[in-house]
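> If you count by mature numbering (1 follows the signal peptide of the UniProt record, and there is no 0), then the sequence shown holds residues -19 to -1, 1 to 1169, one letter each, in order.
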Amino acid sequence: MDSWLFISLTFLIIIPVNSFNLDARNFLEIKGNENQYFGYSVGFRKSLNQFKILVGSPKANDTIEKITTGALYECDITAPHNCRRVPHFVPRNPDYSIQNQWLGVALDINPYNSQITVCAHRFLEYAISQKMLMGACYRMNDTSDTSQIIIETINHQFNPMYGISCRYSQTGRLVTGMPGLDQGKGGYVVKAQLFSNKGHDYYEGYTVTFWDDTPVIGKPRYHEYGAVLIRNEFILPPQNKYSFGSYFGSAIATADLNYDGYKDLVIGAPFYSETFVEEGRVYIYFYDSLEGMFSENANIVLMEPSYRAQFGKSLATGNFNSDKYEDIIVGAPYENDGAGCIYVYNGKFKGLESTYSQKISGKDLRHGLKTFGISFTRADDLDQNGYPDIGVGAYMSDSAYIFKARPTYELKASLTASERILDMAPNCILNDRRVLCVNLTVKLTLGIKEDTVYDLNLITDSLKTPEEKRTYFKGNVRQSEITESVTVRSGFFEKVYQIFIRSTMDILSPINFTLHCSLNDQGYSNHCMPLCPISNNITISETIKLNTECGPDEICRTRLKVNLETLPPNITLGKDKRLNAVINVFNIGEHAYNARARVFFSHLMDFESIRKPVNSSVECTSVNRMELSCFLGNPLRENSNSSFIVTFLLGLTANVTKTFIAVNASTESQVEPKYLINTVNLTIKVYQEFDLELVAMSVPSTLAFRGDASPMTARHSYQLRNNGPSNAHKLIFSLDIPNVIINNSPLMTIKEYRLRDTNHPHESNKSVCHLNTVENTGVDVKTDIKSLLKYKNIANCSWLKCHRIVCEISILTIFNMKVFELTLNIDAKLLKDFQSKLRAFDVVTNGTLRHTVSKQVINVHHEHANATTLFLISRLQKKIQWWIVVCSILVGLLFLILVGVLLWKFGFFRRNRVSAADRRSLKLMTSKRETPPQNDSQEETHLSIYLSIYLSIYIYLSIYISNQGFKNRESYSNIYFNISCLLFLFQHILFLYLISTYLVSFSYFNISCLLFLFQHILFLFLISTYLVSFSYFNISCLLFLFQHILFLFLISTYLVFFSYFNISCFFFLFQHILAPYFNISCLFFLFQHILSPFLISTYLVSLFQHILSLFLISTYLVSLFQHILSLFLISTYLVSFSYFNISCFLFLFQHSLSLFLISKYLVSFSYFNISCLLFLFQHILSPFLIST
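#1: Anyone know if the C-beta pair for R387 and C513 falls short of 8 Å?
#2: List the endpoints of the continuous alpha helix (DSSP H) containing V866.
#3: If you pair each beta-carbon of the segment 572 to 580 with each one of the segment 638 to 651, do three or more pairs fall below 8 Å?
#4: Nearest to K393 by alpha carbon, out of D672, M284, H497?
#5: Please go through the same chain and pick out, in chain order, the residues whose beta-carbon is closer than 8 Å to the beta-carbon of N412, but skip the five residues on each side of it.
#6: Nearest-angstrom Cα distance between S78 and K112?
#7: Buried or exposed for R702, please, with buried defined as at least 16 other CB atoms from any protein chain shown within 10 angstroms of its CB.
#8: Closest to L421 by CA distance: which of S395, M586, D404 is it?
#9: Measuring CB atoms only, is the segment 520 to 539 touching the segment 669 to 687, in the sense that at least three cross pairs come out at less than 8 Å?
#10: Between the segment 282 to 290 and the segment 258 to 269, do three or more beta carbon pairs fall short of 8 Å?
#11: Among the residues of its own chain, which have a CB less than 7 Å from the CB of D194, if the five just before and after it don't count?
#12: Shortest alpha-carbon distance to K773 belongs to which of L819, Y288, V563?
#13: What would DSSP say about F815, mapped onto helix, strand or coil?
#14: Can you tell me whether S768 is helix, strand or coil according to DSSP?
#15: In terms of alpha-carbon separation, which member of R618, I383, F330 lies closest to R359?
#16: What does the alpha-carbon distance come out to for the pair L1093 and V787?
#17: Kindly confirm or deny that the segment 544 to 553 and the segment 598 to 607 touch, where touching means at least three C-beta pairs closer than 8 Å.
#18: Would you kindly check if the distance between the Cβ of G321 and the Cβ of A375 is under 8 Å?
#19: Counting beta carbon pairs with one atom in the segment 846 to 853 and one in the segment 649 to 664, are three or more of them shorter than 8 Å?
#20: Rounded to whole angstroms, what is the Cα-Cα separation between L437 and K424?
#21: Comparing alpha-carbon positions, which option in P550, L489, I463 lies nearest V477?
#22: Please report the straight-line C-alpha distance between Y169 and I90, rounded to a whole angstrom.
#23: Tell me the residue span of the beta strand (DSSP E) that contains K340.
#24: If C778 and N827 are in contact, beta carbons under 8 Å, what's the gap, nearest whole angstrom?
#25: What span of residues does the alpha helix (DSSP H) with residue 1224 cover, start to end?
#26: Between which two residues does the alpha helix (DSSP H) carrying D318 extend?
#27: Just how far apart, CA to CA, sit G367 and F301?
#28: Within a Cβ cutoff of 6 Å, which residues of the same chain sit near A60, ignoring the five residues on either side of it in sequence?
#29: Could you check if S590 is buried or exposed, using at least 16 other CB atoms within 10 Å of its CB as the buried criterion?
#30: What first and last residue would you give for the beta strand (DSSP E) that runs through A60?
#31: Specify whether the segment 226 to 245 and the segment 328 to 335 touch according to this definition: at least 3 beta carbon pairs, one from each stretch, less than 8 Å apart.
#32: Determine the direct distance from the alpha carbon of G144 to that of A208, and round the result to whole angstroms.
#33: Which word fits A562, buried or exposed, when buried means at least 16 other C-beta atoms lie within 10 angstroms of its C-beta?
#34: For G888 and W864, what's the separation of their Cα atoms in angstroms?
#35: Alpha carbon to alpha carbon, how far is E391 from N2?
#36: Inspect the beta-carbon positions of V667 and V627 and report whether they are closer than 8 Å.
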């Protein structure tokens, strides 16, 4: 491990405070007369081993001449109120005038022989009838001698203003400036030798001083930037807009600031303006002994920005702290609204401290003090304590101040940590708990033996903010800083402080400890008054590091790799409510301290939660609306990983096609530059998925045309549903309507169409729908009988020209339904041409619901649905031809003869008679009522006659129906009627014959046969013509009821004993009590069958149908039980078993055929499935039970 990392950083720093060693508390104030600019210039002069301060007052009044001339005052520093005016110098030459001469504008004392020079730059000379500001300097050996006036001019140049500045060298040479020479060009005088400027008005000589014995001349208006001339070398300021007009060179001083044996140059520019107007600057130019010249650019620039402070207006030098490095004092006489300040800057090994060590403000000295710092004396040790003192003028307050320098001694300090590499294992016990700590040892050493009190301030983890600090003192976990007063006894102090370190995330950065030491109350105490010594304030620091376990160099070199995936990979709107981001961060280097992952995501997503493995240290917090900061570990150890799942709530809309998640991993450990950028960006596509459903219906489903021309309407309704999961956008619903043209006129015209939302049923959205025409070219679109038969009696858009209605649907939300309603007007009179030619045909509209092409939509299927209206056309009734009647009778007679011969041939008429014993028994059971004797030949004659009549009528009906059927080409329907009527009549005739022959009197036979025949003829006629009207039920039910009542009466009277009568009557009575319901039931049953296509297709009455069907089955079961019992009794006593075989077979065949034909040609297939199943089950079961 490199040793340089752990060198104790113990060093000395001078703290810039408001007081160093100029005693700003015990100063000396000298007051002059008001408004006389007392203090415009100041200087120390030693006379008879006693120092006095000389103060220039340029506007002082001459008490003798009663004019304003200016004056020089001499004040005793031990008695500041004891000031006397130096005798006035009055020239006797009438060409001179001392009025307003500003005596005291410049003042200097020769350090070589204490000679005094005081100047008045406005001293007048009258020449050639003009007043000229010649200027004058008064030179005296002491304040009691008669002064000699020195006037140095060349050819009486206009207004030279001689004496505006003057300065002695250490060897006694005097340089005097006169900037007004030659109309502002300026010049200066050294030992009565005039040096004039040959250039422009640069105000040469505005300020003067010496660099050793070489004059240094200020030229503040040199090219408007200013300059300083030394040995024909120009020192120039920075050439920028802020230094333009800054009066660079209006104040000059020299001092050996870096103790290299050569004086350096200090130049003021009081009008420099950057942050504030006239804030001022001071430039330091070091002398390069190797080059033999000053630096071209300033080495140090001093600044204390303040509004119109004119920092650098005056300068003073001296070694005020006696440390071999000269110091400088900078005056800012107009700072703080003109109160003024002075700044002390201390020299050091390689130059000057750029921050002041002491600042003395005029407002702190006296309320209302103005222009403090306008002038300085030379530094001189007034009290002979080895530290030079300084005098400061404040001319606007007519004051001068003397500040003495306090003795200084050096404070040395050290701050040492017990361990400079601190393991993370706890090594101390605090409150019965093991914690991590370190010991700091503070040592102070003074150069004097007196007890001295210092204020000690120890700051732990000083580079951190209070919230970030990792350290604390015993007794208070929040205390990271301690301040106390300590006494250094006999020049030495030592103390050990125990510092505790809390568990922290910041392990890599060092822990810095800073110690500030300063004299208590700035070193003032009663035992050392009035001038107490002072020491330097110091700051020392110590640094320790926490052990990172990253090898001998303690530098953790790591590399983090991020893996990101989402579940689901893509988002389906409406289906995916959340998105899980699976984040895995791998560390394939050394320990990664304070490893973090920043998760960025779209504003359409909201952070919900995180999931992490057990014992994982991952913690995530929201930085803002679109960013998470996740702590991964401290450290995330080498060759390990941290994984977690972030769950987001989705708030996506349909117009969003994608979203994003980005993850960046970072650490405080060292990462190679090529691995610094490790952000993983993942784009998640957003899709829509929806299941479209289109349901069509027609109301009514069947339109019957009976020959009248009354207008009809049909309504086709299409239900558009979206079963989700996403809302469907940009849908197209199109409806094709066949244009059925009959005799050049359209059968159907569009009356109205609209698209409405079920949530707003009264608001139509017709504006999104438009109508156009679609033609199928190359196909015969003529609508006639031939075309309809060719296309299976279906009129649709596969072969007809069509109208197309297209609706644009912007959105169809989940589980919402839109309904498209189309109303068609039917021109019924056009159907007359189809009567007797076409029984029925379908008109089909075709609807399509589809989605426009989009890459954002997946798993969507186009939906198709058809709405069908069935047109039923009644036959055209025509008069029966006479020959048909004749042919029917002849054929009926021939058939009757043929059947009779066959029956006779096979012995059908030879019957077993009831024995005499049985007849007697029956007679007894029927109350001895005798049956009229029967004549066999008579009975057979009657049978033949009635058979002939019935067969003739049936043949007539068959021929008639066949003839009509042939004309209408409805062969299958007529076959049904022929076979059905024949079998039904034959069955009942045979049944009645057998009963009447062996059982019942002739009267019943006559009435019953007539009623049966009339009933069934009427039934067949009504069904074949109108499919059954309500009148049939009134007639049929009455006849049926009358027939069965008569039947029961005759049987009970002539045949059956009383027990059967009771049972049979009971069941028949139960059946006929329900006869009213039977009427209603039959009505509904027929209505059900006629409207079954509509009812089943609309799903409205399916439940009613099943309830009614179940009731009918229960009714038939009761009737079936009755007939089983009845037939059982009859067969037992009357009829042979052969009847049942024939009857049941015929009954089964009849109804099977009937149901097949009806379901095929009259009723839709949906009804066939349900109705046929119930009917077949009932009728197949009935014959089976009867026969069994």
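For glycine and all other residues, C-beta sits at the position ideal for the given N, C-alpha and C. Please read all numbers here as calculations on a predicted model, not as lab measurements.
From the atom records:
#1: yes
#2: 863 to 886
#3: yes
#4: H497
#5: none
#6: 9 Å
#7: buried
#8: S395
#9: no
#10: yes
#11: S150, T152, R154
#12: L819
#13: helix
#14: helix
#15: I383
#16: Because the pLDDT at L1093 is just 44, under 50, the model does not fix this residue reliably, and the point stays unresolved.
#17: no
#18: yes
#19: no
#20: 11 Å
#21: I463
#22: 18 Å
#23: 339 to 342
#24: 6 Å
#25: With the chain covering -19 to 1169 only, the question about residue 1224 has no answer from this structure.
#26: 316 to 319
#27: 9 Å
#28: none
#29: exposed
#30: Here A60 belongs to no beta strand (DSSP E), and DSSP marks it neither H nor E.
#31: yes
#32: 20 Å
#33: buried
#34: 36 Å
#35: 12 Å
#36: no
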